[in-house]
Every structure is written in structure tokens, then in C-alpha cells.
Amino acid sequence: MSEPAASTKGEDTAVVEEPVKKAKEKPVQERRILSEDCEWNLAPVEKLTALCLKAIVKNFEKSPDLDKLPSKHRETVINSISIDLPLHIAGPIISDEDYWKRRSKARFLYASVANHGNSWKRLFFELHLKDVIEKFTPSSDESVMESGMKGLTEELKIGAPFVETLKLGQLRPINIVPKGDDDEKIPAEALKLLEGKKDEPLDHLNLGHILLHLGRLKDLSVYYGYVVFNTSVLDCGINFSWSLFGMTMKDAITFSQGLPSLNLVKMVIQASGVDDDRNLSHNQIKDSGARGVAKLLSSPKTTLQTLVLANNQISNEGVRCIGKSLQVNNTLLNLDLRLNHLYDYGGHLLFLCLIKNKTLAQLDVSGNGLENRSVIALAGLLKQNLPNLLKLDVSCNKLGDYGNEKPPTPLEKTSQSTANLLDVTKVVDVQKINDASGKILFEAISQNKVIWV
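For what it's worth, the UniProt record's numbering labels the leading residue of the sequence shown as 1, then goes sequentially.
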């Protein structure tokens with residue numbers, strides 16, 4: 001009975017030991033449990049560094065601090081930060097161009113970084129402020145305006161350090177449409193419109209306040225018009241109104257208040273409605289006032305093209321100053337001095353000065369008591385054959401009596417210089433030539449091929 005038991009025990013031992021021997025034959029590194037999915041693998045536990053970086057990105061808005069991060073991890077955090085991060089956090093802290101490139105392309109699809117100094121951060125803030133300002137509608141309600149300007153000011157302070165170019169494609173006029181019930185009090189500006197003054201320009205946003213915060217601004221362009229429903233105001237149909245165009249006096253004053261704080265290299269103002277001509281006729285302007293006008297004409301910044309000083313009291317000294325200023329002015333095209341007190345000597349001085357002017361196209365000196373001295377200087381001016389002077393009005397002047405006397409011989413030999421013209425004038429004055437004036441003018445006009453007298 002004992003033998004079978006031993007035999008059984010031996011058999012059991014043999015059966016158990018055989019697989020153990022086979023398992024020991026395989027290397028340890030080959031013992032793996034693999035699923036049928038060849039791409040499946042047990043995910044390893046994330047490193048503590050990666051977990052920390054995820055936490056930093058998730059809570060960056062609450063604890064925005066990149067300076068304490070090692071440089072090798074900073075790029076990872078920046079590339080993972082949301083592009084919707086508030087600007088008052090992202091602006092001062094994040095300087096990485098890749099982040100601002102992502103943010104700019106998401107918002108301004110067709111923007112070109114080449115137009116913004118090849119800086120994505122500058123591009124974003126310049127276009128962002130442009131968008132904010134263009135969409136801002138000033139209100140006649142002071143409380144509403146105050147709260148709106150407060151938010152706009154915060155945006156300006158955030159973007160100011162990065163903005164060098166600002167090109168405003170529109171400025172919305174003040175909101176004067178009454179809101180609420182019909183019996184609500186209508187602002188005074190709205191009453192003006194109801195009284196039929198719809199074509200008068202409306203006030204716009206106070207640009208002076210905006211410019212005071214943009215200390216780094218170098219290039220400024222402003223369009224004093226309003227874009228209606230993303231369409232140019234020129235095509236707005238029944239919504240068209242001239243009040244959407246133009247700069248008001250208040251706009252000009254507030255705008256000028258912000259300019260001294262800037263170091264602008266370029267400034268463009270469009271659709272402002274600002275005149276490039278001044279009509280100062282019938283104002284009893286005397287020589288002192290004429291000196292002020294001359295100072296304006298001498299300024300290199302002047303853009304005045306038309307100046308009307310008709311029916312004033314400008315005499316020799318005043319016209320002398322105006323004539324001197326015209327020697328350096330290169331913008332004035334039309335000058336009207338009719339019905340003043342130039343008389344012979346004043347006209348003589350004016351015509352001599354105009355020899356050096358290269359832009360004046362029309363001149364009216366009618367009714368000024370011009371006589372022989374003026375005729376000689378005028379003849380010299382006409383013989384210059386200046387291509388710019390096209391129209392000259394010398395009517396209602398005492399240019400001489402009609403007689404049989406001949407013009408003096410020095411006129412034929414005189415050059416066109418100012419000195420020689422003065423000599424000729426003295427000769428004619430001494431000989432008291434009267435009837436020669438017409439012949440002198442006729443001779444000069446016959447040599448001039450451009451002027452209409």
C-alpha cells in the first residue's frame with residue numbers, strides 16, 4: 001500500500017518541477033504581459049515637474065509669475081497659457097513674441113507684422129487700441145461718459161508702453177439720441193438737430209485725453225468721419241448726414257491739448273472739414289494785423305492756400321510784411337487784397353517781392369490806388385513770365401493818363417533784377433510819365449504767355 005503512495009508522490013513532484021525549469025530559462029526583461037492592441041501601453045506616472053507646470057498654467061491668472069521659473073520651463077508655460085488672459089496681466093508680464101503671435105492671429109487675421117515694427121506684441125496693442133477707440137461712442141450724459149472714459153483710460157494705460165502707431169479709421173460722433181421714454185429730457189445737442197442744423201458737425205471723442213496717455217506715439221492718423229454698418233459713410237444711403245463728417249471747434253481744441261505731450265514724426269488728419277482758406281474781408285485790418293498774417297504765411301507749417309483780405313485798411317507797411325512773407329511761402333495760391341490802402345508805393349513793394357514767389361496763381365489788387373511806380377514793378381513781374389501766376393486783377397487803379405509821351409529809354413535796357421527795377425522806377429517818377437503806363441503794361445503782357453489780366 002505504501003509503494004503506490006510513494007509512486008504518486010514522485011509523479012506529483014515531477015509534474016510540479018517541470019514548468020519551473022522552463023520559466024527560469026527566459027530572461028527577466030522578456031517577461032511582459034502584452035495586449036492584443038500593439039499600440040497600447042501602460043501610461044507611466046507623470047513627473048512631478050510636469051504636474052507642477054500644469055498647475056502653474058491652470059492658475060496663471062491668479063498667480064502670474066514667470067520670473068521665478070527656470071528658463072527651460074518658461075517656454076513650456078508660455079506656449080500653454082490661454083490667449084484669453086486679461087491684458088492687464090499679459091501685457092506687463094509676457095514679452096514672448098510667440099505668445100503674442102498666437103493671440104494676434106486669433107483676433108486680427110489679416111494683420112501684417114511688417115506694418116508694426118515686426119513686433120507681434122506691438123501689433124496686437126496698436127490694433128486693439130484702434131478697435132477700442134473706433135467703437136467708443138461718447139455720450140452727452142456726463143455720468144455715462146465718465147464711466148465709459150474710465151474703462152477706456154484703463155485700456156490706454158495698459159497698451160501705451162507698446163504703441164507707436166495709431167491709425168484711427170473712424171471717430172464716432174457724440175450720442176445725442178435720447179434713450180428711454182419719449183418724455184425724457186432731450187439734450188441740448190439733440191435740440192440743435194431738431195431745429196434743422198443737421199448738417200453741422202457733431203463733437204467727437206476727446207482725443208486730447210487719449211493722446212496724453214500715449215507718450216511713445218510717433219505716427220498718428222485720424223479720420224473725422226463715421227463708418228455706418230461697416231460701410232463707408234459715403235455709401236450709407238438714407239443714413240447719410242454731413243454731421244458725420246468734420247472736426248468741430250471743440251474737437252480742434254481738445255485735439256491740440258494732447259499734441260504737446262507727443263514727439264510725433266508723422267500726423268495725418270482726414271475728413272476734418274478744416275478749411276485751407278481764410279476769408280478776413282471787411283474786418284478793418286490795419287498794418288499791425290497784416291504783420292500777424294505775414295507771420296502766419298512765413299511759418300513753415302502753414303498750409304493756407306487761399307487768403308482774402310479785401311476791404312480792409314492795409315497800407316504800405318502791412319503789404320511790405322505780406323510781400324516779404326510771400327518770398328518764403330510755398331503754399332498760398334490765391335491772394336485777394338482788393339479795396340485796401342496800398343497806393344502806389346505799397347503796390348510797388350508787393351510786385352517786387354512777388355518776383356521771388358513760386359506758387360501764387362491768382363492776385364487781386366483792384367481798387368488800391370496804384371499808379372506809375374506800381375506799373376514799372378508790375379511790368380518787371382510780368383516779364384519774368386512766371387508759370388505759376390495765371391490771373392491778375394489790377395482794375396480800378398490810376399495807372400496813368402493817356403497822352404503822347406513815350407516810355408523812358410532805361411526800361412528797354414533794364415534787366416529783371418529787383419535793383420534795376422528800383423532804378424527804373426526812380427527814372428519814371430522823376431520824368432512824371434503818365435501816359436506811358438499803358439504802353440509799359442502792353443509790352444510786358446505781350447512777353448508773358450501765361451497770365452490773364
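No residue lacks a Cβ here, since even glycine has one placed at the ideal position from N, Cα and C.
Counting along the chain, Asn368 sits inside no beta strand (DSSP E), nor does DSSP assign it H or E at all. Classified as buried, Met247 has 16 or more neighbouring CB atoms from the shown chains inside 10 Å of its CB.
Secondary structure of Met247 (DSSP, three-state): coil. Around the beta-carbon of Ile322, 16 or more other beta-carbon atoms lie within 10 Å, marking it buried. In the same chain as Val163, and ignoring 5 residues on each side of it, the C-beta atoms closer than 8 Å to its own belong to Arg122, Phe125, Glu126, Leu129, Leu214, Arg216, Leu217, in chain order. CA-to-CA, the gap between Leu87 and Leu48 works out to about 30 Å. Between Leu51 and Asn79, the alpha-carbon positions lie close to 16 Å from each other.
Apart from sequence neighbours up to five positions away, the residues of its chain that approach Leu339 with a beta-carbon distance below 7 Å are Ala310, Asn311, Gly367, ordered along the chain.
With contacts defined by Cβ atoms closer than 7 Å, Val375 and Leu354 do not form a contacting pair. In this structure Gly258 is in contact with Leu212, their Cβ atoms being roughly 5 Å apart against a cut-off of 8 Å. DSSP places Tyr224 in the coil class of the three-state scheme, outside both helix and strand. Here the alpha carbon of Leu168 sits roughly 18 Å from the alpha carbon of Ile253. Taking the C-beta atoms as reference points, Leu337 is found nearer than 7 Å to Val365. With fewer than 16 other Cβ atoms inside 10 Å of its own Cβ, Ser82 counts as exposed. In this structure, the straight-line span from the alpha carbon of Ala377 to that of Lys439 is close to 14 Å. Beta bridge pairing from DSSP links Asp219 with Thr165, Lys266. Of the other Cβ atoms in all chains shown, fewer than 16 fall within 10 Å of the Cβ of Tyr110; this residue is therefore exposed. The shortest CA-to-CA distance from Gln362 to any of Leu85, Tyr99, Phe351, Val265 is the one to Phe351.
Residue state for His282 is assigned as coil, using DSSP reduced to three classes.
For Leu392, the enclosing beta strand (DSSP E) covers residues 391 to 393. When DSSP states are grouped into helix, strand and coil, Gln362 belongs to the strand group.
Counting along the chain, Glu75 sits inside the alpha helix (DSSP H) bounded by residues 71 to 80. Annotation for Phe60: no alpha helix (DSSP H) segment contains it, and DSSP assigns it neither H nor E. Taking a C-beta distance under 7 Å as the contact criterion, Leu297 and Ser256 do not qualify as a contact pair. In terms of Cβ geometry, Leu342 and Val319 form a close pair [threshold 7 Å].
In this structure, the CA atom of Asp287 is about 32 Å from the CA atom of Pro260.
A direct Cα-to-Cα measurement between Ala114 and Trp120 gives close to 9 Å.
For Lys324, the enclosing alpha helix (DSSP H) covers residues 316 to 326. Between His204 and Val268, the alpha-carbon positions lie close to 17 Å from each other.
Nearest C-alpha to Leu349 among Glu154, Phe108, Ala379, Lys72: Ala379. By the CB criterion at 7 Å, Leu264 and Leu207 fall outside the cutoff. Within the same chain, Trp120 come within 7 Å of Lys101 by CB-CB distance, once the 5 residues on both sides are set aside. For Thr76, the CB contacts under 8 Å within the same chain, skipping 5 residues up- and downstream, are Leu53 in chain order. If you look at Ser374, you'll find it in the alpha helix (DSSP H) that goes 372 to 383. Closest in alpha carbon position to Ala90, among Ser104, Pro64, Arg74, Phe108, is Pro64. In the DSSP assignment, Pro86 falls outside any alpha helix (DSSP H), carrying neither H nor E.
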